[in-house]
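The structure appears right after this line, and notes come after that.
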């Protein structure tokens, strides 16, 4: 065992034990975090407007600080973006992370000197947790690749601006830099297809052990590698042993990934966001994520059914329950306050606090009152793939409210790598699993309000075309699994090669 591996195991033991001590003290640490954040920001414009000086506990915070999304915070955000100091947090942000909003257009999320280190530390802790539980340190001695946005920042405004993955790329620890790919020049390429082609050229002759990125774009990288080399990724990189991902559920991609690699590999799931590093998979033997409770973030949770209420119930970590679907709110050491990031989560454990991401508040299908969410359709697709032997690249779901004939239905647009050997089994599994996951959908089917779903087969590359048409190809962009309208469906309707009814 090399010196790096020995050091990694020792460091992992120190870090993980500290991590679990903190996890056991989550309620107290969260209370301490809230009061510390409020005290530090009391002199800011936001702090004065919301009487932070008078906040001594969580109840007082809830009374003074309402739930906000980006549009509702914009009056402060625009002042911050212009370079005005002491608006949401003392001073001005170190960076602005540029993200795409579903209702607010482009959003600029602040990253402060206090919050920046936590983005790096949490990613490090995810890897060290894996080392601690698995004992595997092989990846530290070989090459690693992080498929991410350009590290070049826009310095034309008051505050340096870029994509989160590009900002974080400037802070990769020195001990990883020597093994890190791609080159800086390649990482700076803006056009995603050109960038992936160049990454393939740079890495195909290297000894890769760890690959990280959003599954949909890593899948594109794998496919290009296999096409160029004529053999599986696992043969191109014999020491490849670990895939680190975040941003979307990996399960719909898993079978295709293993086929491209040629064998199963270990995975680590992370939950990074521009607003903060929220959680990560601390144990490779589990499929949930440890909440990052001591990282300058105060968490609140709103039952999803109350999000449209004027004064929704807001719960601290001391009040949540397992099995319920919550919208997640963040107050951070970068100056976000009771901020609705748009994600929904479900607690799987309270001691320690572990979660699963269940979807996006605005990404659902409920044209008939069923409120189907991402977690449900992804599980349905996983079961259909496993039982039918199909391989699926991508899929999305939309309601068909006004069909030419018969009852309305859910319309699934699916891009197959390999179509199922038994179409009836595939469709039945998909529909019945969704009925089991969502009783409202089941009632609509049984009550003959909806008929069974319809599959629209679309050619490979269709989702890449769609994302390119939206200017969202690559990087941190994710393909919506669900819609409550026909916007994406209309794009694909002219590309349907066959329908399974």
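Numbering (the working numbering), first residue to last: 5 to 505.
All residues carry an ideal CB built from backbone N, CA and C; glycine is no exception.
All of these numbers come straight from a predicted model, not from anything done at the bench.
> If you count every other CB in all the chains shown that lies within 10 Å of the CB of residue 420, and 16 or more means buried, which is it?
Replying inline: On the chain shown, position 416 is the one that residue 420 refers to. Answer is buried; the Cβ neighbour count reaches 16.
>> I'd like the list of long-range same chain contacts for residue 17, defined as Cβ closer than 7 Å, with 5 residues on each side in sequence excluded.
In response: What you label residue 17 is simply residue 13 of the chain shown in a count that begins at 1. Cβ neighbours of residue 17 beyond the five flanking positions: 136.
>> So within the segment 71-112, which uninterrupted alpha helix (DSSP H) runs reach at least 4 residues, ignoring any that extend past its ends?
In response: 74-85
> Can you give the Cα-Cα distance for residue 505 and residue 407, rounded to whole angstroms?
Replying inline: Here residue 505 refers to the residue found at position 501 when the chain shown is read from its first residue. Here residue 407 refers to the residue found at position 403 when the chain shown is read from its first residue. Approximately 13 Å between the Cα atoms of the pair.
> Which runs of the beta strand (DSSP E) spanning at least 3 residues fall entirely within the segment 122-191, listed in chain order?
Replying inline: 147-150
> Whole beta strand (DSSP E) runs in the segment 202-277 with 3 or more residues, listed along the chain?
Replying inline: As far as the segment 202-277 is concerned, its whole beta strand (DSSP E) runs of at least 3 residues are 212-216, 246-250 and 270-277.
> Taking the alpha-carbon positions, what's the residue 31 to residue 424 distance?
Replying inline: As a position in the chain shown, residue 31 is number 27, starting the count at 1. As a position in the chain shown, residue 424 is number 420, starting the count at 1. So the alpha carbons of these two residues sit roughly 48 Å apart.
>> Measuring only the C-alpha atoms, how far is residue 414 from residue 233?
In response: The residue you call residue 414 lines up with position 410 of the chain shown. The residue you call residue 233 lines up with position 229 of the chain shown. Between residue 414 and residue 233, the C-alpha separation is close to 40 Å.
> What does residue 360 pair with, by DSSP beta-bridge criteria?
Replying inline: Locating residue 360 in the chain shown gives position 356, where the first residue counts as 1. According to DSSP, residue pairing for residue 360 in a beta bridge involves 350.
> Considering only residues of the segment 38-64, which uninterrupted alpha helix (DSSP H) runs meet the minimum length of 4 residues and lie entirely inside it, listed in chain order?
Replying inline: 49-53
> Counting along the chain, where does the alpha helix (DSSP H) carrying residue 492 start and finish?
Replying inline: As a working note, residue 492 is residue 488 in the chain shown. That run of the alpha helix (DSSP H) goes 491-497.
> Could you give the distance in angstroms between the alpha-carbon of residue 446 and the alpha-carbon of residue 440?
Replying inline: What you label residue 446 is simply residue 442 of the chain shown in a count that begins at 1. What you label residue 440 is simply residue 436 of the chain shown in a count that begins at 1. If you draw a straight line from the Cα of residue 446 to the Cα of residue 440, it comes to about 7 Å.
> What number of angstroms, rounded off, separates the C-alpha of residue 45 from the C-alpha of residue 164?
Replying inline: Taking the first residue of the chain shown as 1, we reach residue 45 at position 41. Taking the first residue of the chain shown as 1, we reach residue 164 at position 160. About 22 Å.
> By Cβ distance, which residues of its chain are closer than 6 Å to residue 173, with the 5 residues on each side in sequence left out?
Replying inline: If you number the chain shown from 1, residue 173 lands on position 169. Only 152 and 155 meet the Cβ criterion.
> For residue 300, which option in 315, 316 and 282 has the closest C-alpha, if you only look at C-alpha atoms?
Replying inline: As a first step, residue 300 must be located in the chain shown, where it is residue number 296. Looking at the Cα atoms, 282 is the closest of the given residues.
>> On the criterion of 16 or more Cβ atoms from any shown chain inside 10 Å, does residue 188 qualify as buried, or is it exposed?
In response: Position 184 of the chain shown, counted from the start, is the residue given in the question as residue 188. Answer is exposed; the Cβ neighbour count stays below 16.
> For residue 60, does the count of other Cβ atoms within 10 angstroms reach 16, so buried, or fall short, so exposed?
Replying inline: By one-based count along the chain shown, residue 60 stands at place 56. Exposed, since its Cβ has fewer than 16 Cβ neighbours within 10 Å.
> Which residues bound the beta strand (DSSP E) around residue 421?
Replying inline: Residue 421 sits at position 417 when you count from the first residue of the chain shown. Note, residue 421: beta strand (DSSP E), 413-422.
>> Give me, in chain order, the residues of the same chain whose beta-carbon lies closer than 8 Å to that of residue 495; leave out the 5 immediate sequence neighbours on both sides.
In response: Against the chain shown, residue 495 aligns to sequence position 491. The answer, listed in chain order, is 470 and 473.
> Is residue 368 helix, strand or coil by DSSP?
Replying inline: Counting from one through the chain shown, the residue named residue 368 turns up at place 364. Residue 368 falls in the coil class under three-state DSSP.
> Cα separation between residue 34 and residue 298?
Replying inline: As a working mapping, residue 34 is identified with position 30 in the chain shown. As a working mapping, residue 298 is identified with position 294 in the chain shown. Each residue's alpha carbon lies about 7 Å from the other.
>> Runs of 3 residues minimum, wholly inside the segment 416-469: which ones carry the beta strand (DSSP E) assignment?
In response: 458-462
> So residue 337 packs on residue 118, CB below 8 Å; how close in whole Å?
Replying inline: One-based indexing of the chain shown puts residue 337 at position 333. One-based indexing of the chain shown puts residue 118 at position 114. Yes, residue 337 and residue 118 are in contact; Cβ-Cβ is about 4 Å, under 8 Å.
> Within the chosen definition, does the segment 380-398 reach the segment 349-356 through at least 3 CB pairs nearer than 8 Å?
Replying inline: no
> Excluding five sequence neighbours on each side, which residues of the same chain lie with their C-beta closer than 7 Å to the C-beta of residue 102?
Replying inline: Here the question's residue 102 lines up with position 98 in the chain shown. If we look at residue 102 and ignore the five residues flanking it on each side, its Cβ neighbours are 110, 112, 165, 166 and 167.
> In or out: residue 317 buried (at least 16 other Cβ within 10 Å) or exposed?
Replying inline: Here residue 317 is taken as the residue at index 313 of the chain shown, counted from 1. Residue 317 is exposed by the Cβ-count criterion.
> Between the segment 313-331 and the segment 238-255, do three or more beta carbon pairs fall short of 8 Å?
Replying inline: Short answer: they don't touch.
> With a CB to CB cut of under 6 Å and the five nearest residues on each side skipped, what residues in its chain are close to residue 186?
Replying inline: Taking the chain shown and counting its residues from 1, one reaches residue 186 at position 182. Only 203 and 206 meet the Cβ criterion.
> Which residue comes first and which comes last in the beta strand (DSSP E) that contains residue 10?
Replying inline: Within the chain shown, residue 10 is the residue found at index 6, counting from 1. Counting along the chain, residue 10 sits inside no beta strand (DSSP E); it lies in the alpha helix (DSSP H) bounded by residues 7-27.
> What did DSSP end up calling residue 406 once you bin it into helix, strand or coil?
Replying inline: For the purposes of this step, residue 406 is taken as residue 402 along the chain shown, with counting starting at 1. Coil, per DSSP.
> DSSP state of residue 297, grouped into three classes?
Replying inline: Position 293 of the chain shown, counted from the start, is the residue given in the question as residue 297. Coil at residue 297, not helix or strand.
>> Helix, strand or coil for residue 397? Go by DSSP, reduced to three states.
In response: Residue numbering aside, residue 397 sits at position 393 when the chain shown is read from its first letter. Note: residue 397 maps to strand in three-state DSSP.
> Since residue 384 is in the alpha helix (DSSP H), which residue starts that stretch and which ends it?
Replying inline: Here the question's residue 384 lines up with position 380 in the chain shown. Its alpha helix (DSSP H) spans residues 378-392.
>> Please list the terminal residues of the continuous beta strand (DSSP E) segment that includes residue 329.
In response: Within the chain shown, numbered from 1, the residue matching residue 329 stands at position 325. That run of the beta strand (DSSP E) goes 329-336.
>> So, for residue 462: in the same chain, excluding its five sequence neighbours on each side, which residues have a beta-carbon less than 8 Å away from its beta-carbon?
In response: Start at 1 with the first residue of the chain shown, and residue 462 comes out as number 458. Answer for residue 462: 417, 418, 419, 496, 499, 500 and 501, listed in chain order.
>> Between the alpha carbons of residue 286 and residue 452, how many angstroms are there, rounded?
In response: Translated into positions along the chain shown, residue 286 becomes position 282. Translated into positions along the chain shown, residue 452 becomes position 448. Residue 286 and residue 452: Cα-Cα distance of roughly 45 Å.
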